[in-house]
Structures are given as C-alpha cells and as structure tokens.
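Trainee:
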Amino acid sequence: MTESRTDFHGHLGELEEEALSTLELTSTALDQAIEAVLTRDTELAVMVIDGDDRIDGRYLDVHQGVLNLLARQAPVASDLRLTAAVLHTIHHVERMGDLCVNIAKMVSLMGEPPPGSEEIIAKVEAAGNQARDQIRQAEVAFRQRNVNLAENLVSQDDVIDRLNRQIFREAVEIGGDDDHAREWGAHVMLIARYIERIGDNTVDIGEQIAFVVTGEFREFTDASRPGGVSATG
Amino acid sequence: MTRTTPPMVRPRTTVTTREDPPRTTSASRPTDRSARRVELEGLTAYYGDNAAVQGVSLEFRPSEVTAIIGPSGCGKSTLVRCVNRMHEEIPGTRVEGAVKLDGEDIYGPGIDPVAVRAAIGMVFQKPNPFPTMSVFDNVAAGLRLTGKRGRNLNARVEAALRGAGLWDEVKDRLGKPGSALSGGQQQRLCIARAIAVEPEVVLMDEPCSALDPQATLRIEELITELKNRYTIAIVTHNMQQAARVADSTAFMLNGELVEHALTDKIFTNPSDKRTEDYVTGRFG
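Structure representation (structure tokens):
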C-alpha cells in the first residue's frame, strides 16, 4: 500500500506550517509591544502596528488555502480535523496580532509612569513574558501533536489571569486624585486585559490541538461552566 | 417467510420522517420503522477455496442507506451479491453464515432464491435495460416475471417510474426502446424496474460509476428519496458519494469488515487506523 494523496497532504502541511510560523510572528510582535511599553519607545510601537499587515496577510493566505483544500480535495478524518484546526488557529493568531497592535497603541497615550508604578510595570512585563511563553508552548504542542502540553496551557494561563487581577487592583489604587495617574492606570489595565486575551487565545489553540489528536472537540475551560464542557455534551 | 412462494413482500407503512436521536454507532439506535432489517451474521463467501468475504457481521438498518466502501477486491460486491443470493449463481461458489431479513435466514431450508430476489432488488454498475424492450415493458418485465402483473399494470409501471424520478421525462415515450434513453435515465429505469416489484431492500453495486456527474447527483438524490421506503445498501468506490448519501458506512479490507459506523464518524474520526488510512488516501 502506498500514499496516494501526496500533493494534497503536502499542501495541508504547508498551510499548517504557515499558520504556526505566523504564531512565531505574533510572539515577536508581543515581545516588541511589551518592550515598547516598558521603554516608552514609540518608534518600536509603530513597528509593531505596521508589522501587523504581515500577520493579516498570512491570515488571508491560510484562509484562502483552506477554502481551496475544502473545495478541491474534500479532506476527511484526521485531514479534515487538521484542516479545520488550521483555520481556527490562524484566526486566533490573527486576533493575537491585533491585540499586540492594541498594546502598541497605548505607548503614545500613556506618558510618564506615575511614582510608585514600578511593581505594576514589573507585573505587566511578567504577564507579557508569560503570554509569549504560552504562544511558544502552543506552537510546540501543535507541532508535536502533544495533548498534555496543550492542556497545560490552562494552568499556564492562570498565571496571567492572576497578574491581570493584581494589575487591575494596583492600577485603581495608584490613580488617587491625580488625573494623569488615573489615566495611566486605565491604560495599564487595558494592556493587562489585552495580554490576558492573548493568553486565552493560546488556550483556544490548545483545544484545537486536542481536537486534531483525539477527534473530540472539548473546551478546556468555560467561563460560564468552570471545569470544561464537551461539544458532545 | 413462507417457502417457495413469494412471501417476502408484506404491507408496509411509508416512513417519511426521521426522528431517531443522535447515536454514536449504527448498532446503538432503536427503530420502529416498518421497513425491513438485513442482518449478516458471520457471512463467509467462497470462490472455490478462496474466501472473498470472511466472517462479516453487518446490519443494514431499515429505511437507511448503508454504504460499503473499500479497495478493489476487498469483497464488497461479493458481499452484496450474497444478500440476494446471486453469488451462488456462479459455479464453484458457496456461502457460510446467515443473512437474515427481519430475523429470517434467507439461506434457510426451503427458501426460494427467486422469492429472495423479488424482496431484495439489485441495481448494477452499468445500466442494463432490456435493449429491445420499450420503456414501459422494461418496468413491467419484473412484474410479469414475478407474477405481480395484476389488473393495474399501467398504474404500477407509472408508480415505479415516478418513484425512480423518471416519469416526467418518459411519460410521452413509454413505447420507445429503453436503450434510447441517456445513461442516467437508463439507470433510473433500472431502479424503476427494481422497485416495481415492491422489494423490501434495494442493493446497489456501483450504480453511478458509468454516469456523468449530473446524472450521478440525480441518482444520489433519488437514493435519498427512496430510503424512506426501502432499506438500501450501496457499494461504491466513490467515498464522497458514500459521505453524501449514506447514514452509515462500512469499510471492508481483504474480505473482512474493518469498521461500520455512522457516516459522520467514518469521515471525521474513524476508530480503526486502517479506515483512517483508507479514507485519507494514505493507502489504496
């Protein structure tokens, strides 16, 4: 018996590679966006904003490629699951790129950090590093078809969630009666929220990995029903 | 089943709705339909000493389409030919195991193969209307051969042609030769001939492989309509056809049944790696 759909499987593999390499682009964009926030580097922030066109272009490429495969190759079984997962994943990647842009847009609005903001800034950096690590973990888990590594993203994401809550509290406190400090705090809250959403997107990609491997779509976490919920009930 | 008489046709209630709950395997869903159930139990079919079908247990559920897929030579055509006792017409062949129609073994003692074939019709790969017969006579032939002609022959021929989705296209040329129809029309004429005798089960062996895409889709649409009244099994090389028309799909390999499950499952998440490899084109 021999492989009889080499061309199709080659195209599918290329689409997966393009989606995962775009994940690397978002990892870089996130690093740059956080660095721009920490150093108040508006030029670097503009680079992140402009660079998102590349991520969007990859999204369009993969989206069109998946449609072509569905129309022309009628993938089934594990090929169908991978095709669907690639389409979902590139959508999450595109969203993460947009969130990096949102973070970068904060740089020119924030101005000087108010006194006593060092701990908040450190937590933003920690949350950004954590999100970047999760992006990389999602990529490795996808390449290895590693369900355990994919599921581990949930506990990893708890770290970001905790930091997000802490940043929220401290940003409220730092505002006081100072208009600038309140405004700065509001921007930091938004940044923390964007990072938190990036983390959620990595968990969503993890769910796609588990779907490819097991054939069952299962939400690892569900905000309305903690403990997870299966698509099959 | 009575013996040596045409007993296998019984009054039937047409089922037009499907209210069964979702299920994960074809064996897990109850049904109360009046269409008949076919059960293969340990079916083995030989050509001489060669077992082309080996110990297959499989169910064709009432009012459903069961597709049988697998590579060439896997035994799928032989299997369906056993279901209406055509396999035994080839010298040197024999069958072991049981094929039950609503629980009654069609290979039981005293069962008339002709009565079996009246109850379990067959449509073949290549449209095979009787070439010198008219459209009308092609459909009437089955009725005449099985003694079901009755006094309302015209009405029964019309009903069969309507059932096969052909009436509107041929009603003004019923006297023309069946061989003058297009390939797709000829195949629907053969389906009309098969259903004219009111079988319980319709077996189709690659019914679209000689047809163009449009005629193929027309036959597939017809299969979907017919399954409300008949239990249908279709052998096909075209996996997309199985995916389009079948409620459940059975995958055969080297004479054995590898997996039988809901078509959705076979084409999204098959249980057996051999099925996975076949449907994804990783061998074959």
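Protein sequences, first through last, are from chains W and S. One point on numbering: in the working numbering, the residue at position 217 of the first sequence is 217, and numbering is uninterrupted. One point on numbering: in the working numbering, the residue at position 48 of the second sequence is 1048, and numbering is uninterrupted. Don't be surprised by glycine CBs; every beta carbon is placed ideally from N, CA and C.
Report the rounded CA-to-CA distance for residue 1178(S) versus residue 1165(S), giving the unit in angstroms.
Mentor: 15 angstroms
Trainee: Of all Cβ atoms in chain S, is any one closer than 8 angstroms to the Cβ of residue 228(W)?
Mentor: Reliability of the predicted coordinates at residue 228(W) is poor, the pLDDT of 49 falling under 50, and no value is obtained from them.
Trainee: Can you tell me whether residue 1058(S) is helix, strand or coil according to DSSP?
Mentor: strand
Trainee: On the CB-based measure, 16 or more other CB atoms within 10 Å of its CB, does residue 1211(S) come out buried or exposed?
Mentor: buried
Trainee: Please identify, using Cβ separations under 8 angstroms, the residues of the segment 1054 to 1066 of chain S that lie next to chain W, in order along the chain.
Mentor: none
Trainee: Going along the chain, which residues of the segment 58 to 85 of chain W sit with their C-beta nearer than 8 angstroms to a C-beta in chain S?
Mentor: Within the segment 58 to 85 of chain W, the qualifying residues are 74, 75, 76, 77, 78, 79, 80 and 81.
Trainee: Let me know if residue 1076(S) comes out buried or exposed under the rule of 16 or more other beta-carbons within 10 Å of its beta-carbon.
Mentor: Buried, because 16 or more other Cβ atoms sit within 10 Å of the Cβ of residue 1076(S).
Trainee: Which chain W residues are close to residue 1240(S), counting only those with a beta carbon under 8 angstroms from its beta carbon?
Mentor: 74
Trainee: Contact between the segment 1139 to 1147 of chain S and the segment 1218 to 1237 of chain S: three or more CB pairs below 8 angstroms?
Mentor: Contact fails: fewer than three Cβ-Cβ distances are below 8 angstroms.
Trainee: In whole angstroms, what separates the C-alpha of residue 1090(S) from that of residue 1047(S)?
Mentor: Residue 1090(S) and residue 1047(S): Cα-Cα distance of roughly 8 angstroms.
Trainee: With three or more beta-carbon pairs closer than 8 angstroms as the criterion, would you say the segment 1058 to 1069 of chain S touches the segment 1036 to 1044 of chain S?
Mentor: yes
Trainee: Let's test the definition: count the other Cβ atoms within 10 Å of the Cβ of residue 1152(S) and tell me whether it reaches 16, buried, or not, exposed.
Mentor: exposed
Trainee: From 1262(S), 1240(S) and 1270(S), pick the residue whose C-alpha is nearest to that of residue 71(W); which is it?
Mentor: 1240(S)
Trainee: Since residue 215(W) and residue 81(W) should fall inside the 8 angstroms C-beta cutoff, what is the C-beta to C-beta distance between them, to a whole number of angstroms?
Mentor: 6 angstroms
Trainee: Quick check: what's the CA-CA separation for residue 29(W) versus residue 48(W)?
Mentor: 6 angstroms
Trainee: Return the first residue and the last residue of the alpha helix (DSSP H) that residue 1273(S) is part of.
Mentor: 1273 to 1279
Trainee: Return the Cβ separation of residue 1263(S) and residue 1247(S) in integer angstroms, given the expectation that the two are a contact with Cβ distance under 8 angstroms.
Mentor: 6 angstroms
Trainee: With DSSP run on the structure shown, which of helix, strand or coil describes residue 214(W)?
Mentor: helix
Trainee: Give the range of the alpha helix (DSSP H) segment to which residue 1118(S) is assigned.
Mentor: 1113 to 1119
Trainee: Is residue 1281(S) close to chain W? Criterion is C-beta to C-beta, closer than 8 angstroms.
Mentor: yes
Trainee: Please report the straight-line C-alpha distance between residue 1181(S) and residue 1194(S), rounded to a whole angstrom.
Mentor: 17 angstroms
Trainee: Leaving out five residues before and five after residue 1220(S) in sequence, what residues of the same chain have Cβ atoms less than 8 angstroms from its Cβ?
Mentor: 1208, 1241, 1244 and 1245
Trainee: Give the DSSP-derived three-state secondary structure of residue 1093(S) in the structure shown.
Mentor: strand
Trainee: Considering only the beta carbon of each residue, do residue 104(W) and residue 36(W) sit closer than 8 angstroms?
Mentor: A contact, by the Cβ cut-off of 8 angstroms.
Trainee: Spatial neighbours of residue 1025(S) within its chain, please: CB distance less than 6 angstroms, with the 5 preceding and 5 following residues excluded, ordered by chain position.
Mentor: Model confidence at residue 1025(S) stands at a pLDDT of 36, short of 50, so the residue's coordinates are unreliable and nothing is read from them.
Trainee: According to DSSP, simplified to helix, strand and coil, what is residue 1230(S)?
Mentor: Note: residue 1230(S) maps to coil in three-state DSSP.
Trainee: Which whole-angstrom value is the C-beta distance of residue 1095(S) and residue 1043(S), which I expect to be below 8 angstroms?
Mentor: 7 angstroms
Trainee: With H, G and I counted as helix, E and B as strand and the rest as coil, what does DSSP make of residue 1122(S)?
Mentor: strand
Trainee: So residue 1201(S) and residue 1249(S) are in contact, right, with Cβ under 8 angstroms, and what is the actual spacing, rounded?
Mentor: Contact doesn't hold; Cβ gap of about 17 angstroms is too wide.
Trainee: Counting only C-beta atoms, is residue 1270(S) closer than 8 angstroms to chain W at any point?
Mentor: yes
Trainee: So is residue 1088(S) in contact with chain C if we call contact Cβ pairs under 8 angstroms?
Mentor: You won't find chain C in this structure, because its protein chains are W and S.
Trainee: What do you get for residue 1072(S), buried or exposed, if any count of 16 or more other CB atoms within 10 angstroms of its CB means buried?
Mentor: It is exposed - the Cβ of residue 1072(S) has fewer than 16 other Cβ atoms within 10 Å.
Trainee: With a Cβ-Cβ cutoff of 8 angstroms, do residue 943(S) and residue 1085(S) count as a contact?
Mentor: Because chain S here runs from 1001 to 1284, residue 943(S) falls outside it and cannot be looked at.
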